[in-house]
Structures are given as C-alpha cells and as structure tokens.
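These notes are about the structure you will find just below.
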Amino acid sequence: EYEARVVGEICAPGGPRVAPSGAALDEFARKCESLDAGAVGDQLRRKLSDTSDQAWQVRLKALHAVEALSNHGLDGIVGHVSQFSSELLFECQQMPQCRQKASKVLHMLGFIDQADEKPAARGGNN
-15 EYEARVVGEI
-5 CAPGGPRVAP
5 SGAALDEFAR
15 KCESLDAGAV
25 GDQLRRKLSD
35 TSDQAWQVRL
45 KALHAVEALS
55 NHGLDGIVGH
65 VSQFSSELLF
75 ECQQMPQCRQ
85 KASKVLHMLG
95 FIDQADEKPA
105 ARGGNN
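For the sequence shown, position 34 matches number 18 in my numbering, and the numbering has no gaps at all.
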C-alpha cells in the first residue's frame, strides 16, 4: 500500500544523515495530505516500535516525521499517533539517541509539560 511506501521512505535507516532533511520532511507531509490518516498513523506506529539493529535510527526518523506532520497541521494523522502510539513515544524517550526529539514530540502533543531541550549531563553534579 502507498502509505507504507511513503512512511518507509522517510524512516529508512542508514544514509548520511540521522535526521531527514527539512525538504524531505516537507515533501513527506505534502504526500500525506491526500493519504488515509489511519493508514499513515498505523505505519508510523510500526516504525516507532521498530526492534531491528537500526531501531533507534528508524524511531528517530519516525519522530521527525510526526513532528513534521504536526507542523503542517495534519491533525488526523497526528491524532492517530497520539491516540494509538503514545506509549511508544514514551519508550523512544528512554533511548539516548531519541530522547530529545521524543520529548519535543510528547510536548507538542500535550503529553508532557516541558520538552527536554538539552542532552542529559554526564557524570556528577555539574
């Protein structure tokens, strides 16, 4: 199905950048405008629960995708993710590579009061 291909492209692991480019995210959001919100939401849920060797990359790209959809006002898809995948967003928050973006998305969706803007300090009290 087309929705799976569109989400698969934006969330594909590997490549020179961990985060999709702004242009790629804009194009992704534009494509999603005409797609079935539930189908796209289901595909994003699959990516947010990825357990492959590159799971953190796939999940991080899915978080970027959800953020882009929210920024483009695609509330149907974002609402689906919010309703059916919130526990996965919190799971992503536990992955060091995904924590910052997961916190931002959780904040955008109203699940947490404040986004964790800076990476956690390493070591003692500094």
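Idealized CB from N, CA, C, for every residue including glycine.
(request) Report the three-state DSSP secondary structure of Ala99 (helix, strand or coil). (result) Here residue 99 refers to the residue found at position 115 of the sequence shown. Ala99: coil per DSSP, three-state reduction.
(message) Quick check: Cys153 and Arg43, are their CB atoms within less than 9 Å of each other?
(response) Because the chain spans -15 through 110 in this model, residue 153 falls outside it and cannot be assessed.
(request) Could you work out which residue in Arg83, Arg(-11) and Glu11 is closest to Gln27 when comparing CA atoms only? (result) The residue you call residue 27 lines up with position 43 of the sequence shown. The candidate whose alpha carbon is nearest that of Gln27 is Arg(-11).
(message) I believe Val2 touches Gln38 by the beta-carbon criterion, under 8 Å. Please report the beta-carbon distance rounded to the nearest angstrom.
(response) As a first step, residue 2 is located in the sequence shown; it is residue number 18 there, counting from the start. As a first step, residue 38 is located in the sequence shown; it is residue number 54 there, counting from the start. Going by Cβ atoms, the distance from Val2 to Gln38 rounds to 10 Å, so no, they are not a contact pair.
(request) Reducing DSSP to helix, strand and coil, say where Asp26 ends up. (result) Within the sequence shown, numbered from 1, the residue matching residue 26 stands at position 42. Asp26: helix per DSSP, three-state reduction.
(request) From the DSSP output, in three-state form, read off Gln38 for me. (result) As a first step, residue 38 is located in the sequence shown; it is residue number 54 there, counting from the start. In the structure shown, Gln38 sits in coil (DSSP, three-state: anything other than H, G, I, E or B).
(message) Given a cut-off of 9 Å on the beta-carbon distance, is the pair Leu9 and Glu51 in contact?
(response) Position 25 of the sequence shown, counted from the first residue, corresponds to residue 9. Position 67 of the sequence shown, counted from the first residue, corresponds to residue 51. Contact: yes.
(message) Between the alpha carbons of Gln84 and Glu(-15), how many angstroms are there, rounded?
(response) The residue given as residue 84 occupies position 100 in the sequence shown. The residue given as residue -15 occupies position 1 in the sequence shown. Each residue's Cα considered, the two are about 31 Å apart.
(request) Report yes if the CB atom of Ala49 is closer than 9 Å to the CB atom of Cys(-5), and no otherwise. (result) Within the sequence shown, numbered from 1, the residue matching residue 49 stands at position 65. Within the sequence shown, numbered from 1, the residue matching residue -5 stands at position 11. In contact: Ala49 and Cys(-5) (Cβ atoms closer than 9 Å).
(message) Going by beta-carbon coordinates alone, are Phe12 and Pro0 separated by less than 9 Å?
(response) Translated into positions along the sequence shown, residue 12 becomes position 28. Translated into positions along the sequence shown, residue 0 becomes position 16. No, they are not a contact pair.
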